[in-house]
Amino acid sequence: MRAARIVERLIATGVLMLAIAVFVFFFMRYLPGDPVDLIMGQEGNVSQEQIDLLKAQYRLDQPLHVQLGSYLSGVLQGDLGTSIVQRKPVTGLIMDRFPATIELALGALLFALAVALPIGTLSAYWRNSPVDRLSMAGAFVGISMPGFWLGIVLIMLFAVRLKWLPVGGRATIGLEPDHVTGLYVLDSILTRNGQALVDSLKHLVLPSVTLGAVMAALLARVVRSSMLEALSQDYVRLARAKGLHELVVVGKHALRNALIPTVTILGLEVGTLLGGNMIVETVFSWPGIGRLVVDAIFARDYPLVQGVVIIYACTFALANLAVDIAYTYLNPKIAL
Amino acid sequence: MQTTRQAENRGTPLLEIDDLAVQFATRRGTVRAVDGVNLRLYEGEILGIVGESGSGKSMTLLSILRLIPRQGRIARGTIRYRGQNLLDLPMGAMRALRGSDIAMVFQDPMTTLNPVFPVGEQIREALRIHGRLDPDRKRRWPHDLFDRGRLRAEREAVVRVMQEVGIPAPELRYRDYPHQFSGGMQQRALIAIALSCRPRILLADEPTTALDVTIQAQILDLMRQINRDHGTSIILVTHDLAVAAEFCDRIAVMYAGRIVESGATEEVLFRPRHPYTEGLLRSIPRLEGERAPLEPIPGEVPDLAALPDNACPFAPRCHRAIPACTAQAPPWVEVGSGHHARCLLLDAGRREGEA
Chain W
25 MRAARIVERL IATGVLMLAI AVFVFFFMRY LPGDPVDLIM GQEGNVSQEQ IDLLKAQYRL
85 DQPLHVQLGS YLSGVLQGDL GTSIVQRKPV TGLIMDRFPA TIELALGALL FALAVALPIG
145 TLSAYWRNSP VDRLSMAGAF VGISMPGFWL GIVLIMLFAV RLKWLPVGGR ATIGLEPDHV
205 TGLYVLDSIL TRNGQALVDS LKHLVLPSVT LGAVMAALLA RVVRSSMLEA LSQDYVRLAR
265 AKGLHELVVV GKHALRNALI PTVTILGLEV GTLLGGNMIV ETVFSWPGIG RLVVDAIFAR
325 DYPLVQGVVI IYACTFALAN LAVDIAYTYL NPKIAL
Chain E
111 MQTTRQAENR GTPLLEIDDL AVQFATRRGT VRAVDGVNLR LYEGEILGIV GESGSGKSMT
171 LLSILRLIPR QGRIARGTIR YRGQNLLDLP MGAMRALRGS DIAMVFQDPM TTLNPVFPVG
231 EQIREALRIH GRLDPDRKRR WPHDLFDRGR LRAEREAVVR VMQEVGIPAP ELRYRDYPHQ
291 FSGGMQQRAL IAIALSCRPR ILLADEPTTA LDVTIQAQIL DLMRQINRDH GTSIILVTHD
351 LAVAAEFCDR IAVMYAGRIV ESGATEEVLF RPRHPYTEGL LRSIPRLEGE RAPLEPIPGE
411 VPDLAALPDN ACPFAPRCHR AIPACTAQAP PWVEVGSGHH ARCLLLDAGR REGEA
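Here the protein sequences come in this chain order: W and E. The working numbering numbers the first residue of the first sequence as 25 and each following residue consecutively. The working numbering numbers the first residue of the second sequence as 111 and each following residue consecutively.
As structure tokens, this is what we get:
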């Protein structure tokens, strides 16, 4: 039953991907300027023939529907085309950088949860206490702080002044772990490379904190309010009447219920992790697809932008599917 | 003539509540939800506490387990269980009593069962905490998690409790979630949780109010059977006099946070002495006898934040009130064997009679 629904959702996600591909295809071409102009513009005197030649090379001279048709048939076969500027297959370019983005997003998510769950829970348990007021003031600051600014402040403090953590990048050159999944932390563990593990974790800390800060603040407030709601419920009183310790009453009976609204918000916020990474990746020279797509947009590198957007959309849809699946486990009244 | 076995054979009470007061600090002032309640519960007896909403009956019950809402506090009094004052117990000792010696059944089973855990697991948890499944064995977490034999034994124990409270096909229903149970079955599951550790006292807070009438009768039968089979003492809080009449050995009537009359069920219901009890009885529709219009008690329940200290709280609504009723607190008068009422008129009447 659950498996059938998951397959259904995956098929729907595939259809959505195609629709997004079509939309991005037209939208990019609607933007003023085209890649050939931009390439040629840098090279000075060029003749119309050279331009036509280059256009023909990238099939930009063909009618739009023909371009679209050949692009979509490529996408269906897993070929996202060739980058106009970098002259490499888009799939390869994305796959080189995608793990970095995923690792950063997971790091940020982990940071957000590790901060939000205890703080939200304690704030609700000791509501209106100094603990609560301080945490919620902190959350307010966290929500209001722009990511790039927080990133710069963190770099100044922990990397430049204290020299505890690296300024940017994913790993110290020469210390990268052998490639297994592309996630450096995971690869270090899988290849039992302790040195690389410490190094990649150190590189991951500041970008994760920067990217996860807003989410942590938002989630802390959601956890607090859903925890307040849960703690006032009759089942919490029953848990106490059973003779359970407060830790079990709060950490099991109340928290399991409070997680339901929290996970809903989490699903919506996955987009922020992907969208926010362009700025954070730039600040921390993180070699992910956020920076890739920013460069590609400026160069009107149609196939690359299309490819990255499809990957973004796909990640977002799959993350939401994962959240929906988690939801059915958290809330027995909901079927997928 | 003794009307109940408890009246004959009382011994020492299992639970003694003396001068209990529960207060809530609100913006309008201190709400005295419970104000000077005295109660005795004897071994094997069923005691009913009746009264309108807001009369303090539920708060009295919750005080026994120290589960009153956090805005409230127990301002005075003692609650003695087997000689020790529960209000002085350290939290750990209190938790050890909750569920094992004194268990509670709540009013609304739908919201009281945790919606995210299977019903069977919620019963199993109750059995586990107090080590009733295997008392000799020390808890050895996390090894327990992987001990299949133990898990099976625990499941069987749960299934037995579910059977005892009349949940059909308990093996199949073990994994079901609360929303898959009917209201009556949910209440049975709650009773199973309360009963799982064989408590000596069962506190029942309007256990049948959320259920329809036929299910009400079944739940009451189940509780009576528990009382008979295990000798469990029960305190039943209800606003339904018919339920109290049918079910309880003794009745205490509460009004505005105080007990205004208490005694054996037949005494209180057939020879009520307090004007409030009389009023309650007159406001119940009767099926037999001549038809007479219902007589509701005039006025409204008083504001518990603005109760006068030296006056009878019922005086403004009492058709027999005299000026003295608003000038002094009414005395607790013995009006029969084990039958007491809190009314100035009774005291005056007795003195006149003696003279």
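The beta carbon of each residue, even a glycine, is placed where N, CA and C say it ideally should be. Predicted model, so just to flag it, every value in this text is computed and none were measured.
The beta carbons of glycine 267 of chain W and isoleucine 239 of chain E sit closer together than 9 Å. For isoleucine 239 of chain E, the chain W residues whose Cβ falls inside 8 Å of its Cβ are Lys266, Gly267, Leu268, in order along the chain. Fewer than three pairs of CB atoms, one per stretch, sit closer than 8 Å, so the stretch 196-211 of chain E makes no contact with the stretch 137-150 of chain E. Fewer than three Cβ pairs drawn from the stretch 321-338 of chain W and the stretch 201-210 of chain E lie within less than 8 Å of each other, which leaves the two stretches out of contact. Sequence-ordered contacts of the stretch 274-287 of chain W with chain E read His277, Arg280, Asn281 [C-beta pairs closer than 7 Å]. By the 16-neighbour rule on beta-carbons within 10 angstroms, glutamate 127 of chain W is buried.
Methionine 180 of chain W counts as exposed, since fewer than 16 other C-beta atoms from the protein chains shown sit within 10 angstroms of its C-beta.
Within the stretch 304-322 of chain W, no residue has its Cβ closer than 9 Å to any Cβ of chain E.
By the neighbour-count criterion, in which a residue is buried when 16 or more other Cβ atoms sit within 10 angstroms of its Cβ, phenylalanine 164 of chain W is exposed. The residue from E:Val445, E:Ile394, E:Leu330 with its alpha-carbon nearest to that of proline 382 of chain E is E:Val445. If you look at methionine 214 of chain E, you'll find it in the beta strand (DSSP E) that goes 212-215.
Rounded to whole angstroms, the gap between the alpha carbons of isoleucine 335 of chain W and glutamine 326 of chain E is 59 Å. For glutamate 405 of chain E, same chain residues with a beta-carbon under 8 Å away, outside a window of 5 residues either side, are Gly389, Arg392, Ser393 in chain order. Neighbours of leucine 146 of chain W across chain E, judged by C-beta separation under 8 Å, do not exist; the nearest C-beta is about 15 Å away. Burial check for tryptophan 310 of chain W: the Cβ neighbour count within 10 Å reaches 16 or more, so the residue is buried. Boundaries of the alpha helix (DSSP H) around threonine 324 of chain E: 323-340. Per the C-alpha coordinates, the member of E:Ala314, E:Cys358, E:Cys307 positioned closest to valine 271 of chain E is E:Cys307. Only residues of its own chain outside the window of five on either side were considered, and among them His450, Arg452 have a CB closer than 6 Å to the CB of tryptophan 442 of chain E, listed in chain order. Alanine 421 of chain E is not a Cβ neighbour of alanine 402 of chain E, given a cutoff of 9 Å.
For the 9 Å CB-CB criterion, proline 59 of chain W and aspartate 325 of chain W form a contact.
When only Cα atoms are considered, valine 70 of chain W and isoleucine 108 of chain W end up about 18 Å apart. Contact annotation: phenylalanine 216 of chain E and aspartate 258 of chain W have beta-carbon atoms nearer than 9 Å. CA-to-CA, the gap between arginine 285 of chain E and arginine 53 of chain W works out to about 56 Å. Each of W:Gly105, W:Pro327, W:Phe47, W:Ala195 was checked against the Cα of leucine 230 of chain W, and the nearest Cα belongs to W:Ala195. Between alanine 148 of chain W and methionine 251 of chain W the beta-carbon gap is near 3 Å, inside 8 Å, which marks them as a contact.
Only exposed fits threonine 205 of chain W, as fewer than 16 other CB atoms lie within 10 angstroms of its CB. Note on aspartate 223 of chain W: 16 or more other CB atoms within 10 angstroms of its CB, so buried under the neighbour-count rule. In terms of beta-carbon proximity, glutamine 86 of chain W stays away from the interface with chain E, with every pair separated by 9 Å or more.
For aspartate 258 of chain W, the chain E residues whose C-beta falls within less than 7 Å of its own C-beta are Phe216, Asp218, Thr221, Thr222, listed in chain order. Counting the other Cβ atoms within 10 Å of the Cβ of glycine 144 of chain W gives 16 or more, which makes it buried.
When secondary structure is reduced to three states using DSSP, valine 411 of chain E falls in the coil class, being assigned neither helix nor strand.
Less than 9 Å divides the Cβ of leucine 305 of chain E from the Cβ of leucine 312 of chain E.
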